[in-house]
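The structure appears below as structure tokens.
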Amino acid sequence: RIWGAEGGAAAANGEMLRRHGAVLGVSACVLSSPYDVPEWMPPMLEALSRWVSEQSPVKETVQRTFSEFKKTHQDTWAETKQAFTSEQWDNVSIGLELAPSYIS
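With positions in the sequence shown counted from 1, the corresponding number in our numbering is that position plus 40.
What follows is the structure in structure tokens.
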């Protein structure tokens, strides 16, 4: 535990690092299947979409992950969407809307 005036800032920074580490782990899982949507992926993308409003660097990692997901799945977008339940797709759409679009 850190004591003193910097303690609050250090604790907040530690929490941000913990969240970013979690996002990086989930991102690595999602990006490990660039052209597939395994059954475990929709819940992972839902989790990422919950972090889209975080501060930097978490937000940028989430946006890059959704951007890469869109880019690698654009050729099979209809099939990709079918891998999600309606509720999952609604939740994931939050992250997809904030990522740069590669789908025309």
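By construction, the Cβ of each residue, glycine as well, lies at the ideal position given by its N, Cα and C atoms.
Computed from a predicted model, the values in this text were never measured in an experiment.
Query: Quick one: any contact between the stretch 71-91 and the stretch 110-127, if contact means 3 or more CB pairs under 8 angstroms?; Result: yes
Query: Check residue 123 in the structure and name its three-state DSSP category.; Result: coil
Query: Assign residue 79 to one of three DSSP states: helix, strand, or coil.; Result: coil
Query: Three or more C-beta pairs closer than 8 angstroms, one from the stretch 80-89 and one from the stretch 127-140: is that the case here?; Result: yes
Query: Alpha carbon to alpha carbon, what distance is there between residue 62 and residue 43?; Result: Bear in mind that a pLDDT of 44 at residue 43, under 50, signals an unreliable position, so the number given afterwards is only what the model happens to contain. Computed Cα separation, rounded: 26 angstroms.
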